[in-house]
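Visitor: Have a look at the structure that comes next, please.
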Amino acid sequence: TAAGVTLLSPGTGPHLVAASNEAAMRFEQLQTSTGHGPCVTAYVTGEAVTVADLQAGDDRFPEFGAAATQAGLAAVFTFPLRHDGGRLGALDLYRDTPGPLDDADMEAAQTLADVAAAYLLNARARQDAGEAAEMMRTSILHDALTGLPNRVLLQQRLEHAAERARRSHSPAAVLFVDLDHFKRVND
């Protein structure tokens, strides 16, 4: 009926990443707020967790089970997000009708969880690369000691202003300020 992805890391609680609809969002937030549930167990054990019928009295997740059942959840199937022998979190599949998944569905769901893990790792790598590029750009264009723009940035801005002035047929100006004894202050 719905799906959600939660990331976990040692020493921190679950962190919701995505949910397919409002119901899944509620179930993911329930696990995140309580700090336990099928996603935490799948993360810790590295094994799929199945609760084919929440109303049957599964005592592994009493707080989650009671609240989720009241919200209309009948079954939950959770699969670890695996990578290089470790885990990133869990993929939760939610159903509003009770009943088990067959072996083929369990295998397909774990494959889906592995694909989700690869996607999350790629997204994290792209974000890290973007942040590193921005840090490099900042270090190239700013003085390391003061953090003020340097000559390279000034040259880029001048070239940009000159090009804009040519395109718009308008003048551009540069204001130079000479501060007496600035070298002593800078030193």
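According to the numbering used here, the residues represented by the sequence shown are 81 to 267, in order. Built from N, CA and C at the ideal position, the CB exists for glycine as well. Computed from a prediction, not measured in an experiment: that's the story for all the values here.
1) Count the other CB atoms, across all protein chains shown, that sit within 10 Å of the CB of Val265; report buried if there are 16 or more and exposed otherwise.
2) Just to confirm before moving on: does the CB-CB distance between Pro229 and Ala170 stay below 9 Å?
3) In its own chain, which residues sit with a C-beta less than 6 Å from the C-beta of Val97, not counting the 5 before and 5 after it?
4) Mind checking whether Ala122 and Ala99 have CB atoms under 9 Å apart?
5) Among the residues of its own chain, which have a CB less than 7 Å from the CB of Arg175, if the five just before and after it don't count?
6) With a Cβ-Cβ cutoff of 9 Å, do Pro90 and Gln111 count as a contact?
7) Tell me which residues share the same chain as Gly115 and place their Cβ nearer than 8 Å to its Cβ, disregarding the 5 neighbours each side in the sequence.
8) Identify, in the order they occur along the chain, each residue of the same chain with its Cβ nearer than 8 Å to the Cβ of Asp133, setting aside the five sequence neighbours on each side.
9) Are the beta-carbon atoms belonging to Leu238 and Leu221 less than 9 Å from one another?
10) Less than 9 Å between the beta carbons of Phe157 and Ala128, yes or no?
11) For Pro160, count neighbouring Cβ atoms within 10 angstroms of its own Cβ and tell me buried if that reaches 16, exposed if not.
12) Within a Cβ cutoff of 6 Å, which residues of the same chain sit near Ala103, ignoring the five residues on either side of it in sequence?
13) For the stretch 137-177, which segments carrying the beta strand (DSSP E) assignment without a break, of at least 3 residues, lie completely within its bounds, in sequence order?
14) Give the range of the alpha helix (DSSP H) segment to which Thr86 is assigned.
15) Taking only runs that begin and end inside the stretch 91-141, name each unbroken beta strand (DSSP E) of 3 or more residues, in chain order.
16) Using only the alpha-carbon positions, how far apart do Leu67 and His261 sit?
17) Please name the residue or residues paired with His222 in a DSSP beta bridge.
18) Going by the beta-carbon positions, is the gap between Leu168 and Ala197 smaller than 9 Å?
Guide: Short version:
1) exposed
2) no
3) Val85 and Leu87
4) no
5) Thr81, Ala154 and Ala155
6) no
7) Gly93 and Pro94
8) Ala154, Ala155, Pro178 and Gly179
9) no
10) yes
11) buried
12) Ala82
13) Counting only runs of 3 or more, we get 155-163 and 166-175.
14) Counting along the chain, Thr86 falls outside any alpha helix (DSSP H), though it belongs to the beta strand (DSSP E) covering Ala82 to Leu87.
15) Counting whole runs of 3 or more residues, the stretch 91-141 contains the beta strand (DSSP E) stretches 95-99 and 129-131.
16) With the chain covering 81 to 267 only, the question about residue 67 has no answer from this structure.
17) Beta-bridge pairing links His222 to Pro229.
18) yes
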